[in-house]
Every structure is written in structure tokens, then in C-alpha cells.
Amino acid sequence: MSRFTLPRDLYHGKGTLETLKTLEGKKAFLVVGGGSMKRFGFLDKAVGYLKDAGMEVALFEGVESDPSVDTVLRGAKAMQEFAPDWIVAMGGGSPIDAAKAMWVFYEYPDTKFEDLCTPFSFPKLRTKAKFCAVPSTSGTATEVTAFSIITDNEKGIKYPLADFNITPDIAIVDSALAETMPPKLIAHTGMDAMTHAIEAYVSTLHCNYTDAVALHAIKMIHQYLKKSYDGCMEARAAMHDAQCLAGMAFSNALLGIVHSMAHKTGAAYSTSHIIHGCANAMYLPKVIKFNAKDEAAAKRYAEIAEHIGLAGNSTEELVDSLIAELRSMNDKLNIPQSIQNYGAGGVKAETSIIDETEFLDKLPEVAANAIADACTGSNPRIPSQEEMEQLLKACYYDLAVDF
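Taking this note's numbering, I'd label the letters of the sequence shown as residues 1 to 403.
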């Protein structure tokens, strides 16, 4: 039996933040990240709309990028003290992901973080509160997904928590919030969305429902991402919708080893975290070449290439055209092609800020963790330990994948 789960309601289009006025409840706990939502006036608007709905509002601010277990537990404690019947998370993927995890600990205070690491094993939610997500970036699509990515800083591992219970009740996809994104963030989140859609389309769990939204998302991202990066606001609005469609696809079809590798390399190194969307952009072409050894996966990559108008007279040529096009997109978005050229903030550089010796020392452990990641199971080709180490090396040095 297959399942396709989305939020109960999704409001989209510029100005839809005002939908917060329609929520029915007594108390709203509003979770945000850094200062961008405050600087651009969206935080004050959200608080005002919630108060217009007759609710008392409590703020939880300052959720960091790559939210930690400590932040989640601290937020859950604040929720327990305030006792909201609505949790509203606004901003990038980090505050929304953090709020999803807080939600579980709010409703089940005795839960241990380790209990949540087994996919689709969460307790039943909505015993105390409902959840509304308002994304400000065009990439993670966490406003429509059953996922939350939380970092254990002590272990240096990102955990993808997965359960349909944490799919929000309401998603508000207001393109006005996305207009404030800086170009680098547009590039990284946009390629994150492209990876979501491509991995969902070739996932072993894909179906007719996920295929439709995945393919359309791929076409939209290919058409609008560079224009959005260059400052076109119409393209930016289109990208906000496209990333949401990609989220609908991968939340139900799941992902693959691009994400497994990004999760496990993201926080593994002492010199720097590798930004998630940038990691996906670097790893995706390598993984496509690896997965294309599987005949069914190769056919689906070829279908993607044809869908976005790429040339090729055979499946192999179409797959190679897709890889070349994705690498071209990285170049146009100032994204490095390899970890060896990963600079501060995820831009291309002559020298990597990820130490080569540390990378090689940790390679066996990181590879093993990537294979064990929740996203690996739906990848069309399951790598061995040796193959995963080879893949990671290919991603570090920009080597050809021929295994």
C-alpha cells in the first residue's frame, strides 16, 4: 500500500501570510530563525495577524542554521510552559524543522531523541497543538514534508527525522517572503529543490502521484532558477511554488544517496559545515552517473533530460546531457563542482575550507554513516562501503564516476 500525504490546506501566492488571521485557537507559539524575518517586517506582521485571530502569542527566536538537539529541547521546554494550541514556524528550513521536532517533545515530554531516529516511528501528534509552516526560502519545502533535519553537534551527524505525523496541518507559501533572499541562498536552496525533485523521480518508491509533481518541479526550476538568482521577482515567485512541488514529491517518494551524503558530510568536519543545498548541488551529478548503472534509473534520468529539452540519441547520451546541464547550472550559480573547491559560504574557491587530511581520515566513518542514512533505502542503487568511499572521493576531487 502506498501513501500520498500533504498538509490539510496550502495557501499560496503573494500576501497569503494574512491567512494567519483565520487560525482558530487561544495560544500560538511562533518559532523563527535569525533576524531576517524581523528586519523585513514579516515577524511583526505574523504576530499581528495571530493577535487579530484572538490568540496570545509567544516567540521563540534565534534558531540557528542546522538546528541542534539542544535547541529543539530548549524550544520544547518553552512550549510546555506556554501550552500553545498552534505552533507556527516561519523562516527557512531550520526554524521549521526545529519546530517540528519541538512539537514531538512538547506533546510527549518523556520522548528521547534517539526514539525519533527510526523512520516513521513517531507517536501520534495533534493531542495538544496543530502546526502551521510559513517558508521564507525556496528550497527545503519542509512546509509540506514529513521530514525534519536535526544536528547532533556532539556526534557531528545530521539526522533526517521522518514521519507523516510531522507533516504540517497548514502551509502558507507566500512569495513575498522569498523576495528577500540573497543570491547565494537562492542558488543553494534552488539546487536543493532540484535535487529533491530528481531524487524523488528516480526513487524506488516513486508513483504516478509523485512523478507528476516531480517532473513539473524539475521543469520549473530549470526554467526559473537562474532568472531568480539574477533578481527577477516573477521568477522568484515561480521558484517558491516549484520548490513546494518538489517537496510534495520527495515527502512521499523519499530521496536517495545525494541526501544521505549531504546529511553525513554536512557537520562532519571541524573546519566548516558544508551548506546542505550546496552539498546536494556538488554531489548530484556524481550520484546520477553512479545510479545510471541501474537500467531503470538510467531510463528515468533520460526522461528528465527529454522533459527539459536536452539533446541525446540514446539513454546514455541523455543521462550525460543531464549531468552536463546540472554542472552548467552550478557554474552559473557560482556553486563549486567539488568539495576541493568549496569556499566560505559555499562559493567556488581555489582552496577548500574542508581540510583534505581530515576528509580522508574520516572517510570510512562518513561513508558508513551515509549508507546507514534513512535516505539510502529508496536510492535505485545501494552502494557498498567501498563504492560510497569512492563516491565521496569523487565529490571531493571532482573525479569521474565509472564504477
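All C-beta atoms in this analysis are idealised placements derived from N, C-alpha and C, irrespective of residue type, glycine included.
Among the options, the one whose alpha carbon lies nearest that of residue i
{"i": "Met261", "options": "Thr151, Lys21, Arg236, Val287", "result": "Val287"}
{"i": "Met282", "options": "Ala394, Ala212, Asp169, Phe4", "result": "Ala394"}
{"i": "Lys51", "options": "Leu30, Thr271, Ala367, Ala370", "result": "Leu30"}
{"i": "Ile354", "options": "Ile339, Thr71, Lys362, Glu365", "result": "Ile339"}
{"i": "Cys117", "options": "Met79, Pro160, Glu81, Ala78", "result": "Pro160"}
{"i": "Ala368", "options": "Asn153, Pro7, Glu143, Ile157", "result": "Ile157"}
{"i": "His12", "options": "Met239, Gly312, Ser121", "result": "Met239"}
{"i": "Phe82", "options": "Gly346, Cys207, Glu234, Lys26", "result": "Lys26"}
{"i": "Met1", "options": "Leu205, Ile221, Tyr397", "result": "Leu205"}
{"i": "Phe60", "options": "Leu215, Pro84, Asn313", "result": "Pro84"}
{"i": "Lys124", "options": "Ala53, Phe164, Glu234, Leu399", "result": "Phe164"}
With 16 other Cβ atoms within 10 Å as the buried cut-off, status of residue i
{"i": "Ala242", "result": "buried"}
{"i": "Glu107", "result": "buried"}
{"i": "Met55", "result": "buried"}
{"i": "Glu199", "result": "buried"}
{"i": "Gly256", "result": "buried"}
{"i": "Tyr342", "result": "buried"}
{"i": "Arg236", "result": "buried"}
{"i": "Tyr397", "result": "exposed"}
{"i": "Pro182", "result": "exposed"}
{"i": "Gln385", "result": "exposed"}
{"i": "Asn330", "result": "buried"}
{"i": "Ala176", "result": "buried"}
{"i": "Asp44", "result": "exposed"}
{"i": "Gly346", "result": "buried"}
{"i": "Ser138", "result": "buried"}
Three-way DSSP call (helix, strand, coil) for residue i in this model
{"i": "Leu205", "result": "coil"}
{"i": "His273", "result": "coil"}
{"i": "Asp331", "result": "helix"}
{"i": "Pro364", "result": "helix"}
{"i": "Ala133", "result": "strand"}
{"i": "Gly75", "result": "helix"}
{"i": "Ile150", "result": "strand"}
{"i": "Ala28", "result": "strand"}
{"i": "Arg181", "result": "Rather than Arg, the amino acid found at residue 181 in this sequence is Met. In this structure, Met181 counts as coil in the three-state DSSP scheme."}
{"i": "Leu161", "result": "strand"}
{"i": "Tyr397", "result": "helix"}
{"i": "Ile408", "result": "As shown, the chain starts at 1 and ends at 403. That puts residue 408 outside it, with no answer to give."}
{"i": "Ala372", "result": "helix"}
{"i": "Ile166", "result": "helix"}
{"i": "Ile382", "result": "coil"}
{"i": "Glu303", "result": "helix"}
Residue j beta carbon less than 7 Å from that of residue i
{"i": "Ser136", "j": "Gly75", "result": "no"}
{"i": "Ile172", "j": "Val134", "result": "yes"}
{"i": "Val258", "j": "Ala292", "result": "no"}
{"i": "Thr210", "j": "Ala162", "result": "no"}
{"i": "Cys278", "j": "Ile323", "result": "no"}
{"i": "Thr142", "j": "Ile96", "result": "yes"}
{"i": "Thr195", "j": "Leu284", "result": "yes"}
{"i": "Thr180", "j": "Phe40", "result": "yes"}
{"i": "Thr167", "j": "Thr5", "result": "yes"}
{"i": "Ala197", "j": "Ile170", "result": "no"}
{"i": "Ile308", "j": "His222", "result": "yes"}
{"i": "Ala297", "j": "Pro380", "result": "yes"}
{"i": "Gly35", "j": "Ser94", "result": "no"}
{"i": "Ala370", "j": "Lys264", "result": "yes"}
Contact between the region 266-275 and the region 224-235 (3+ Cβ pairs under 8 Å): Too few Cβ pairs lie closer than 8 Å, so no.
How about the region 57-71 and the region 119-134: do they share at least three Cβ pairs that are nearer than 8 Å? Verdict: no, contact absent.
For the 8 Å Cβ check, are there 3 or more pairs between the region 138-149 and the region 95-106? Contact between the region 138-149 and the region 95-106 is present, because at least three Cβ pairs lie under 8 Å.
Three-pair Cβ contact test at 8 Å for the region 359-366 versus the region 289-308: No, because fewer than three Cβ pairs between the region 359-366 and the region 289-308 fall closer than 8 Å, the two stretches do not touch.
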